[in-house]
Amino acid sequence: MSQLKGLVSHHEREIAELRADRELAVAYLKAAMESLDDPDERAAGLLALRTVAEAHGGLGAVAAEAGISRESLYRSLSPKGNPTLKTLLAVLKTMGMRLSVEPEHQAHA
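When you number the sequence shown by our numbering, it's gap-free, plus one each residue, and the end is 115.
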């Protein structure tokens, strides 16, 4: 079987796009954070946060800057992870972002 040259995995492409487009990374994380509310979608949300961290220089670099062990960050952002608020805030801050609160349902005027 011949190997195809010049192919990039979906994950590598996603990381490159998130690294190149900050607005895309913010929108991507907003959607990921919403999915954390749903236990059936929580794994996808944690993996999305992990992907943005990878785009921001890699999990090792983000962990070091956030003051978290790399192993702890890998566990926290795994499909079965359960990051603490402290970890979540530190990771977001490292990526130049912050957590915000919005009403669940918009009130109609």
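Even for Gly, the Cβ is constructed at its ideal location relative to N, Cα and C.
Extent of the continuous alpha helix (DSSP H) to which residue i belongs
i: E47; result: Taken as a continuous stretch (DSSP letters only), E47 belongs to no alpha helix (DSSP H), as it is neither H nor E.
i: R25; result: 16-26
i: V68; result: 65-72
i: S82; result: 76-82
i: T93; result: 91-100
8 Å CB neighbourhood of residue i in its chain, flanking five on each side removed
i: E47; result: S41
i: L95; result: R104, L105
Nonlocal neighbours in the same chain, by C-beta distance under 6 Å from residue i, ignoring five residues either side
i: G51; result: A38, S41, L42
i: A61; result: I21, L24, R25
Rounded straight-line distance, which links the Cα of residue j to that of residue i
i: H111; j: R28; result: 27 Å
i: R76; j: E108; result: 31 Å
Candidates the options: closest to residue i by CA position
i: I74; options: T100, T57, H62; result: T100
| query | Taking one C-beta from the segment 73-93 and one from the segment 16-24 each time, how about it: are there three or more such pairs within less than 8 Å? | reply | no
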